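Presented below is the structure to which this report refers.
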Amino acid sequence: MTDPGLALYQQSIEDKTAFWGECAKAIDWYQTWEKVLDDSHAPFYRWFSKGQLNTCYNAVDRHVQAGKGAQFAIRYFSPVTDTEYGVTYAELQAQVSRLAGYMASVGVTKGDRVVIYMPMVPETVYAMLACARIGAIHSVVFGGFAANELATRINDAKPKLVMSASCGVEPSGVVPYKPLLDKALEQSNHKVERCLILGRSQYVAQLQDGRDYDWQQAIKDAVPAECVPVAATDPLYILYTSGTTGQPKGVVRDNGGHAVALAWSMKHIYNINPGDTFWAASDVGWVVGHSYIVYAPLLVGATTVLYEGKPVGTPDPGIFWRTIEKYGVKSFFTAPTAIRAIKREDPNGHYVDGVNLSCLETLFLAGERCDPDTLHWAGAKLGKPVIDHWWQTETGWAVAANLMGVQAIPVKPGSPARAVPGYQVEVVDEFGAQVPPGQSGNVVIKLPLPPGTLTTLWQNDKRYQESYLTMYPGYYLTGDAGYMDEDGYLYIMSRIDDIINVAGHRLSTGRFEEVLCQHPAVAEAAVIGVDDKLKGQVPLGLVVLKNGIDISEKQLHDELVAKVRQEIGPVAAFKLVSAVQKLPKTRSGKILRGTMRKIADNQSYTPPATIEDPLTLDLVRDALTRMGYADALLQQHI
């Protein structure tokens with residue numbers, strides 16, 4: 001029996017030029033490329049060199065010209081402000097071209113940078129597409145980011161224009177953005193000439209004369225701008241991701257490779273065709289929002305759902321399911337942490353009852369490793385395939401996934417399936433030698449990376465090479481650890497620095513968490529390696545319990561320790577575990593294991609700017625104290 005996904009994969013590796021050249025026919029070009037893959041400046045590879053296109057034209061105008069102007073491009077739903085409306089492709093074209101015309105009228109031209117610091121509203125999408133329309137390079141900063149973090153990004157990108165809003169709205173209340181922006185502009189060395197501020201009724205912003213302009217007033221008389229041809233290799237956007245040095249890394253995405261890869265992924269991975277409705281429940285500040293709220297659905301002429309809210313608390317853990325029903329969502333994409341939050345609030349899935357999910361074909365999960373328990377729970381409650389897939393800010397789209405638009409292969413819980421066409425993934429030891437199936441190692445990708453991935457770091461080629469390409473020459477270092485099985489299924493177990501070395505045994509935090517989540521009382525788990533005088537490191541677990549669970553601390557401790565001993569073995573030396581009310585996470589749902597490890601080891605730390613709730617770090621510290629570990633560590637230091 002033939003495996004069409006495997007055949008596609010082999011073609012993509014054996015004849016990259018033919019494979020991606022064929023894929024590029026899904027995109028409209030002003031000028032065809034001279035070379036599909038230009039490797040003349042390796043390791044700085046370029047896709048579709050000398051080709052010219054416009055990403056906004058491909059995402060908006062061509063659909064209007066094809067007679068689809070009346071189709072919804074965006075379905076906007078904001079339960080936190082009780083607002084919902086649709087934006088057709090024709091309306092999107094009108095809004096974007098007018099905003100682009102305003103930008104051009106104030107001197108923003110091809111290659112200029114624009115920082116976008118906005119909430120989850122349609123105007124944020126208009127801003128991104130307007131930049132793409134005139135060849136400006138956008139850099140979206142998550143709305144509500146701390147002023148100093150915003151300032152570092154302004155200093156690095158040096159924008160000509162900042163587009164922002166008076167406020168964002170969270171379940172906890174209104175978050176004023178304009179005062180944060182003002183503070184960031186005071187701190188930054190780069191002086192921004194002009195700010196465009198979208199006023200929202202929940203908070204009235206104070207505008208500074210000569211610098212700040214009201215969004216609606218400014219654009220009402222703007223002359224619409226046409227799309228500007230740009231080189232396929234020109235940057236589309238900069239997206240900052242946290243760096244280990246404390247200085248953020250500006251991931252650069254090009255226009256040509258990005259459009260080709262994302263259009264390919266929508267059909268082949270998510271099985272989305274023109275006219276279908278797709279929903280990625282993320283934020284435009286993250287890579288998922290860039291790729292799968294804004295660009296990919298629009299590139300293929302689908303409808304995208306733009307949601308301002310949370311999985312729970314706006315107003316209840318059934319809001320995701322009702323939204324899917326309301327808009328006829330075919331493929332739904334969210335983070336495992338969102339499903340875990342829903343599972344914690346509604347462990348029996350009562351909020352799914354009575355919701356008609358017949359429109360939904362598949363639930364996709366990414367953003368953090370999906371433990372098998374979460375995957376099983378979602379599959380059982382929804383009665384739909386749950387597909388884990390793995391990618392990174394740097395890659396821009398999935399590295400490993402089940403190709404639901406080609407032919408689904410069996411799901412193996414804990415694995416995001418096989419490498420996607422274009423990605424030659426290997427698992428290697430510290431010396432770069434491939435390890436046998438089933439053996440853990442560092443996950444790397446052979447160069448060149450496929451289209452749509454990062455081309456470099458903004459104005460820092462040296463750091464790009466040092467961060468990703470130096471450890472294993474000829475390969476991109478993902479920073480993740482895991483293994484591959486006999487069938488080529490990849491298992492991402494942890495970040496490389498989340499491997500615990502217990503008396504010489506290398507153990508993954510992901511495996512511990514997988515076992516802890518099997519306990520019927522546990523909704524979520526995080527495991528870190530902490531210093532130990534005898535063994536070097538020992539694992540320490542923190543778990544969040546499902547709502548309504550009544551179990552003593554001792555019973556929980558004993559059962560979890562026994563479970564780990566049974567599943568992983570005595571070598572795990574697992575004795576430290578406690579329940580906490582909430583785990584510290586970034587706004588995108590990643591657990592802050594590194595920060596927790598520093599707290600446990602009495603090292604100094606700075607709460608990352610991306611943290612969702614700083615008080616969760618106090619909960620962690622209290623749990624460590626309860627376990628007596630912090631006291632023991634202090635005694636060791638004495």
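Here the sequence shown is numbered in UniProt numbering, starting from 1 and rising by one per residue.
Virtual Cβ for every residue (Gly too), placed ideally from N, Cα, C.
Please read all numbers here as calculations on a predicted model, not as lab measurements.
Taking DSSP as the reference, what is the three-state secondary structure of Glu-308? Here residue 308 corresponds to residue number 308 of the sequence shown, with the count starting at 1. If DSSP states are grouped into helix, strand and coil, Glu-308 belongs with coil.
Exposed or buried, what is Tyr-76 when buried is set at 16 or more other beta-carbons lying within 10 Å of its beta-carbon? For the purposes of this step, residue 76 is taken as residue 76 along the sequence shown, with counting starting at 1. Residue burial is scored here from C-beta neighbours: Tyr-76 has at least 16 other C-beta atoms within 10 angstroms and is therefore classed as buried.
Measure the alpha-carbon distance for Ile-528 versus Ile-500 and round it to whole angstroms. Here the question's residue 528 lines up with position 528 in the sequence shown. Here the question's residue 500 lines up with position 500 in the sequence shown. For Ile-528 and Ile-500, the distance between alpha carbons rounds to 8 Å.
According to DSSP, simplified to helix, strand and coil, what is Asp-209? By one-based count along the sequence shown, residue 209 stands at place 209. Asp-209: coil per DSSP, three-state reduction.
Between the Cα of Pro-437 and the Cα atoms of Met-484, Leu-576, Leu-298, Ala-526, which residue gives the shortest distance? Here residue 437 is taken as the residue at index 437 of the sequence shown, counted from 1. Nearest C-alpha to Pro-437: Met-484.
Check whether the region 101-112 touches the region 125-139, counting contact only when three or more Cβ pairs, one atom from each stretch, lie closer than 8 Å. Touching, yes, given that three or more Cβ pairs across the two stretches are closer than 8 Å.
Smallest Cα separation from Val-125: which of Gly-144, Ser-164, Gly-594, Lys-160? Counting from 1 along the sequence shown, the entry for residue 125 is found at position 125. Put simply, of Gly-144, Ser-164, Gly-594, Lys-160 the residue whose alpha carbon is nearest the alpha carbon of Val-125 is Ser-164.
Rounded straight-line distance, which links the Cα of Ile-293 to that of Gly-107: Your numbering for residue 107 matches position 107 in the sequence shown. Your numbering for residue 293 matches position 293 in the sequence shown. When only Cα atoms are considered, Gly-107 and Ile-293 end up about 28 Å apart.
Candidates Pro-539, Ala-525, Glu-524: closest to Asp-531 by CA position: Here residue 531 refers to the residue found at position 531 of the sequence shown. The residue from Pro-539, Ala-525, Glu-524 with its alpha-carbon nearest to that of Asp-531 is Pro-539.
Looking at the structure shown, is Leu-633 part of a helix, part of a strand, or coil, going by DSSP? The sequence position of residue 633 within the sequence shown is 633, counting from 1. With a pLDDT of only 41 at Leu-633, under the threshold of 50, the placement of this residue in the model should not be trusted; the figure read from the coordinates follows. DSSP places Leu-633 in helix when its eight states are reduced to three.
Per-residue burial, Ala-296 [other beta carbons within 10 Å of its own, 16 or more giving buried]: Numbered from 1 along the sequence shown, position 296 holds the residue referred to as residue 296. Result: buried.
Rank Gln-10, Asp-3, Ala-66, Thr-2 by C-alpha distance to the C-alpha of Gly-422 and give the top, closest one. As a first step, residue 422 must be located in the sequence shown, where it is residue number 422. Taking only the C-alpha atoms, the option nearest Gly-422 is Gln-10.
Find the nearest neighbour of Val-251 within the set Leu-99, Gly-452, Leu-92, judged by alpha-carbon distance. Counting from one through the sequence shown, the residue named residue 251 turns up at place 251. For the residues Leu-99, Gly-452, Leu-92, the minimum Cα distance to Val-251 belongs to Gly-452.
With which residues is Ile-197 paired in a DSSP beta bridge? For the purposes of this step, residue 197 is taken as residue 197 along the sequence shown, with counting starting at 1. Bridge partners of Ile-197: Ser-164, Asp-214.
Going by DSSP, which residues form a beta bridge with Ser-188? For this step, residue 188 is matched to residue 188 along the sequence shown. Looking at the DSSP assignment, Ser-188 forms no beta bridge with any residue, so it has no partner.
Would you say Leu-365 and His-268 are within 8 Å of each other, going by their C-beta atoms? Here the question's residue 365 lines up with position 365 in the sequence shown. Here the question's residue 268 lines up with position 268 in the sequence shown. No, Cβ-Cβ distance for Leu-365 and His-268 is not below 8 Å.
Just list the beta strand (DSSP E) runs in the region 449-506, keeping only unbroken ones of 3 residues or longer that don't cross its boundaries, in chain order. Listed in chain order, they are 475-484, 490-495, 499-502.
Tell me whether the beta-carbon of Val-287 lies closer than 8 Å to the beta-carbon of Gly-396. Your numbering for residue 287 matches position 287 in the sequence shown. Your numbering for residue 396 matches position 396 in the sequence shown. Going by C-beta atoms, Val-287 is nearer than 8 Å to Gly-396.
Per the contact definition of three or more C-beta pairs closer than 8 Å, is the region 26-35 in contact with the region 53-66? In short, these stretches touch, since the Cβ pair count reaches three.
Looking only at C-alpha atoms, which of Val-223, Tyr-177, Glu-226, Lys-220 sits nearest to Leu-207? Here residue 207 refers to the residue found at position 207 when the sequence shown is read from its first residue. Comparing Cα positions, the closest option is Tyr-177.
Within its chain, find whatever has a CB closer than 8 Å to the CB of Asp-550; leave out the 5 residues flanking it on each side and keep chain order. Taking the first residue of the sequence shown as 1, we reach residue 550 at position 550. The same chain holds no residue with a CB closer than 8 Å to that of Asp-550 once the five nearest residues on each side in sequence are set aside.
Starting from Pro-336, follow the beta strand (DSSP E) in both directions and report where the run begins and ends. For this step, residue 336 is matched to residue 336 along the sequence shown. Run containing Pro-336: none in the beta strand (DSSP E); it sits in the alpha helix (DSSP H), 336-345.
I'd like to confirm the pairing. Which residues does DSSP put opposite Thr-362 in its beta bridges? Within the sequence shown, numbered from 1, the residue matching residue 362 stands at position 362. For Thr-362, which the question treats as bridged, DSSP gives the partners Ser-331.
Would Phe-320 be called buried (16 or more neighbouring beta carbons within 10 Å of its own) or exposed? Counting from 1 along the sequence shown, the entry for residue 320 is found at position 320. By the neighbour-count criterion, in which 16 or more other beta carbons inside 10 Å mark a residue as buried, Phe-320 falls on the buried side.
Near His-258, what residues of its chain come up, given a Cβ to Cβ distance below 6 Å and the 5 sequence neighbours on each side ignored? As a working mapping, residue 258 is identified with position 258 in the sequence shown. Here His-258 has Leu-236, Gly-452 as same chain residues with Cβ atoms under 6 Å from its own Cβ, once five neighbours each way along the sequence are excluded.
For the alpha helix (DSSP H) containing Val-54, list its first residue and its last residue. On the sequence shown, residue 54 is found 54 positions in, with the first residue counted as 1. A small correction: the amino acid at residue 54 is Asn; Val does not occupy that position in the sequence shown. For Asn-54, there is no enclosing alpha helix (DSSP H), as DSSP gives it neither H nor E.
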